[in-house]
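Engineer: Please see the structure below; I have some questions.
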Amino acid sequence: SQQGEEDPQALSIQEGENATMNCSYKTSINNLQWYRQNSGRGLVHLILIRSNEREKHSGRLRVTLDTSKKSSSLLITASRAADTASYFCATDAQGAQKLVFGQGTRLTINP
Amino acid sequence: EPEVTQTPSHQVTQMGQEVILRCVPISNHLYFYWYRQILGQKVEFLVSFYNNEISEKSEIFDDQFSVERPDGSNFTLKIRSTKLEDSAMYFCASSEATSGMISYNEQFFGPGTRLTVL
């Protein structure tokens, strides 16, 4: 079954630096989405990239998708302390509605 | 901005009891979902619901689970006889559909209900 897996599992950087997280999956997808989760809280939708798109921007976020490598990356530029959270990628297969989540990357921004 | 809401935020119950978790999806959305996240683990899909019926469900979603849309706004998840291993955060999500077909699948999640089974 398809599976999104993020790496690294944990990332700690200084405020102002850029943070890059990666996601890999196993089967063909329709869309790939990135979510943020603050500790013990809900999932906040960040961005969706479709399988026919290669790059997408939203504010300080940049997402890339390489379907040949079955991988995606999330770049957060000029990080802030408030960006501290876990970040998950989630994929859905063609014809399916369910999202398959990865284990997540725990991002810590140090002031 | 419209959002998915869930009640209660925290539910504590005894093993074997029935619980109902409630969700109000975004008003113009037509697809509804339940997911769960056991502490420290991945978010797992449970069930999707469209046009008043289940459209997809996972192996987790066994006979102990049921979903319902009792009126035009609420979407509920019922666990008939809770087990210790049902303790988890339960998330409701919804997505928009166009002309009865999914043109994209941007799912918006509620804040979750933390279910604790004692």
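Here the protein sequences line up with chains A and B, keeping their order. By my numbering, the letter at position 63 of the first sequence is numbered 63, and the numbering carries on one by one without gaps. By my numbering, the letter at position 61 of the second sequence is numbered 172, and the numbering carries on one by one without gaps. Ideal Cβ placement from N, Cα and C applies to all residues, glycine included.
1. Can you name, in chain order, every residue of its own chain whose Cβ lies under 8 Å from the Cβ of B/Glu248, other than the five neighbours on each side?
2. Going by C-alpha to C-alpha distance, which of B/Glu114, B/Leu226, B/Gly127 and B/Ser120 sits closest to B/Lys194?
3. Is the CB of A/Asp66 under 8 Å away from at least one CB in chain B?
4. Relative to the C-alpha of A/Gly59, which residue among A/Asn52, A/Ser68, A/Leu75 and A/Ser71 is closest?
5. Whole beta strand (DSSP E) runs in the region 166-222 of chain B with 3 or more residues, listed along the chain?
6. Under the DSSP definition of a beta bridge, which residues are partnered with A/Tyr87?
7. As a quick exercise: from B/Ile137, B/His121, B/Val130 and B/Leu132, pick the residue whose alpha carbon is nearest that of B/Glu114.
8. Roughly how many whole angstroms lie between the Cα atoms of B/Asn139 and A/Gln9?
9. Name the residues in the region 171-203 of chain B whose C-beta lies less than 9 Å from a C-beta of chain A; which are they?
10. Could you check if A/Asn18 is buried or exposed, using at least 16 other CB atoms within 10 Å of its CB as the buried criterion?
11. Under 8 Å, with one C-beta from each stretch per pair, do the region 149-164 of chain B and the region 172-179 of chain B reach the 3-pair mark?
12. Where does A/Ala93 sit, in a helix, a strand or coil, going by DSSP?
13. Relative to the C-alpha of A/Ser73, which candidate in A/Ile13, A/Ser79, A/Val100 and A/Thr105 has its C-alpha closest?
14. Any chance the region 146-155 of chain B sits against the region 184-204 of chain B, with 3 or more Cβ pairs inside 8 Å?
Structural biologist: Result, derived from the coordinates:
1. The shown model of chain B, from 112 to 229, leaves out residue 248 of chain B, and the question about it has no answer.
2. B/Gly127
3. No, A/Asp66 lies away from the interface with chain B (no Cβ there is under 8 Å from its Cβ).
4. For the residues A/Asn52, A/Ser68, A/Leu75 and A/Ser71, the minimum Cα distance to A/Gly59 belongs to A/Leu75.
5. As far as the region 166-222 of chain B is concerned, its whole beta strand (DSSP E) runs of at least 3 residues are 176-179, 186-190 and 199-206.
6. A/Arg36 and A/Thr105
7. In terms of Cα proximity to B/Glu114, the closest of B/Ile137, B/His121, B/Val130 and B/Leu132 is B/Ile137.
8. Each residue's Cα considered, the two are about 36 Å apart.
9. Met200 and Phe202
10. exposed
11. yes
12. coil
13. Out of A/Ile13, A/Ser79, A/Val100 and A/Thr105, A/Thr105 has the C-alpha closest to the C-alpha of A/Ser73.
14. yes
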